[in-house]
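Residue numbers (my numbering): 1348 to 1710.
Remarks on the structure that follows.
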């Protein structure tokens, strides 16, 4: 995401209520890339121990990821991470995106790296994966996640959304041209450039997806059975990106970092509309079988080492992949970190069904 416009607004936030206010001490926004550690049909959060899980995910972060990964301190169990911040052994994952051709076959959509910002060359070279953001809108007043913390945002079964109260939490942007054309401004805030559903037109530069997580915590539970009830949104609804938002509800009084995922799908290889459905409808499906995009969701397992994240959230003015309290690694080192694939399925070829839907597979 290009931040030339948005970051210029941070100087106005204290005086502009529409951006949330309350930024005493300056905003901190960590923005860093994480290449994939594996693409596999596993989900230790929603389907722990199940091999295979119902749909394919792309996973980034630490190498402790597995179907039955620890519910304790992930950082203590990991030996490497694909993330640019070398003390971040967390795991972040989303559903994959597939193109369905007119003949009914599917192909996984490849991904791109991320736009050059803050002189961050690492994130331009991830060759996919997830661009991760942590925002501390009020340094010194934001409580970082604790070892064992997990959460899920979004509903993979959702295909319609009559309630628009969470419309700013999941969105897609249709790039207008190469080199991230049209990538200006904050995500999920402008209906003229972002949509909750997958774009229903050819996107000349590909599709960007953003997933934002709740910013209030009950202060007690590191997880709950549905992986959502221990977190909540401010009483006024989800905060705009880079803003503090309203007060947290009394049931969830602790402010936590604003976490966001960003994924760039390179759909340009599928822009020939003669290969699209005959009725002209958009041809892309999430790996859950969802071609609306409304079922977009993200999973998170915290795994920062020690108090590294808390120190960063307490430090004013950290931007991008530079923060005086944090250590980084080179892209070559990050790429050496991997997890062995468990479910043996065709990852890149043309397939008759989405994995998990009557697909032949071996383990």
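Quick reminder that beta carbons are idealized off the backbone N, C-alpha and C, glycines included.
Closest Cα partner of residue i within the set the options
i, options, result
"residue 1479", "1560, 1443, 1509, 1403", "1560"
"residue 1477", "1521, 1454, 1518, 1430", "1430"
"residue 1541", "1640, 1469, 1428", "1640"
"residue 1414", "1509, 1387, 1665, 1571", "1387"
"residue 1589", "1420, 1402, 1516", "1516"
"residue 1427", "1418, 1408, 1657", "1408"
"residue 1464", "1523, 1379, 1404", "1379"
"residue 1644", "1405, 1423, 1587", "1405"
"residue 1712", "1663, 1442, 1474, 1621", "Since the first residue shown for the chain is 1348 and the last is 1710, residue 1712 is missing from the structure and cannot be characterised."
"residue 1506", "1374, 1538, 1702, 1642", "1642"
"residue 1523", "1551, 1592, 1508, 1502", "1551"
"residue 1620", "1685, 1549, 1481", "1549"
"residue 1498", "1402, 1576, 1666, 1684", "1576"
"residue 1553", "1690, 1521, 1375", "1521"
"residue 1475", "1503, 1444, 1466, 1502", "1444"
"residue 1501", "1376, 1608, 1683", "1608"
"residue 1683", "1385, 1377, 1655, 1376", "1385"
"residue 1491", "1565, 1627, 1585", "1565"
"residue 1375", "1433, 1606, 1392, 1425", "1606"
"residue 1534", "1586, 1574, 1403, 1508", "1586"
"residue 1403", "1657, 1636, 1656, 1658", "1636"
"residue 1657", "1467, 1416, 1481", "1481"
"residue 1433", "1673, 1703, 1529, 1686", "1673"
"residue 1377", "1686, 1685, 1703, 1666", "1666"
Residue environment, residue i, which counts as buried when at least 16 other CB atoms sit within 10 Å
i, result
"residue 1411", "buried"
"residue 1383", "buried"
"residue 1547", "exposed"
"residue 1625", "exposed"
"residue 1707", "Interpretation of residue 1707 is limited by its pLDDT of 40, a score under 50 that renders its predicted location unreliable; the figure taken from the coordinates is listed afterwards. Counting Cβ neighbours within 10 Å, residue 1707 comes out exposed, since fewer than 16 surround it."
"residue 1419", "exposed"
"residue 1699", "exposed"
"residue 1400", "buried"
"residue 1572", "exposed"
"residue 1423", "exposed"
"residue 1653", "exposed"
"residue 1371", "Only weak support is given to the placement of residue 1371: the predicted model assigns it a pLDDT of 40, under 50, and the value that follows is read from those uncertain coordinates. It counts as exposed."
"residue 1555", "buried"
"residue 1671", "exposed"
"residue 1638", "buried"
"residue 1557", "buried"
"residue 1510", "exposed"
"residue 1567", "exposed"
"residue 1701", "buried"
"residue 1583", "exposed"
"residue 1538", "exposed"
"residue 1503", "buried"
"residue 1690", "buried"
"residue 1391", "buried"
"residue 1592", "buried"
Residues near residue i in its chain [Cβ-Cβ closer than 8 Å; skip 5 each side]
i, result
"residue 1563", "1578, 1579, 1580, 1581, 1595, 1596, 1599, 1600, 1601, 1602, 1603"
"residue 1493", "1569, 1649"
"residue 1489", "1483, 1602, 1603, 1604, 1660, 1661"
"residue 1544", "1519, 1639, 1640, 1641"
"residue 1469", "1379, 1380, 1431, 1668, 1675, 1677, 1678, 1681"
"residue 1618", "1549, 1550, 1551"
"residue 1536", "1515, 1587, 1588"
Spatial neighbours of residue i in its chain, beta-carbon cut-off 6 Å, leaving aside the 5 residues before and after
i, result
"residue 1496", "1569, 1649"
"residue 1527", "1462"
"residue 1447", "1453, 1630, 1632"
"residue 1368", "Note that residue 1368 scores a pLDDT of 36, beneath 50, so its modelled location is shaky; the value from the coordinates is reported in the next line. Excluding positions up to five away in sequence, the list is empty."
"residue 1664", "1373"
"residue 1425", "1409, 1410, 1411, 1436"
"residue 1467", "1667, 1668"
"residue 1508", "1641"
Per DSSP, the bridge partner or partners of residue i
i, result
"residue 1454", "1446"
"residue 1404", "1387, 1442"
"residue 1579", "1563"
"residue 1378", "1480"
"residue 1609", "1478, 1557"
Same chain only: Cβ atoms within 7 Å of residue i, ignoring 5 sequence neighbours per side
i, result
"residue 1472", "1460, 1678"
"residue 1688", "1385, 1387"
"residue 1623", "1449, 1630"
Residue-chain proximity (residue i, chain B), Cβ-Cβ < 8 Å
i, result
"residue 1621", "As a matter of chain content, chain B is missing from the structure shown, which is built from one protein chain."
The ligand FAD heavy atom lying under 7 Å from the CB of residue i
i, result
"residue 1395", "This structure does not include the ligand FAD; it has no bound ligands of any sort."
Inset, instruction - Would you check if there are 3 or more beta carbon pairs closer than 8 Å linking the region 1475–1493 to the region 1388–1400? - result: Because the criterion of three Cβ pairs below 8 Å is not met, the region 1475–1493 and the region 1388–1400 do not touch.
Inset, instruction - Flag this pair as touching only if the region 1672–1685 and the region 1602–1613 have three or more C-beta atom pairs under 8 Å; answer yes or no. - result: Touching, no.
Inset, instruction - Take every Cβ of the region 1644–1652, pair it with every Cβ of the region 1430–1448, and state whether three or more of those distances are shorter than 8 Å. - result: Flag = yes, the region 1644–1652 and the region 1430–1448 touch.
Inset, instruction - Examine the Cβ distances between the region 1451–1470 and the region 1690–1699 and report whether three or more of them are shorter than 8 Å. - result: Yes: the two stretches touch, three or more of their Cβ pairs being nearer than 8 Å.
Legend entry - Inter-stretch contact at 8 Å, needing at least 3 Cβ pairs: the region 1623–1642 / the region 1441–1453: By the Cβ rule, the region 1623–1642 counts as touching the region 1441–1453, because three or more pairs are nearer than 8 Å.
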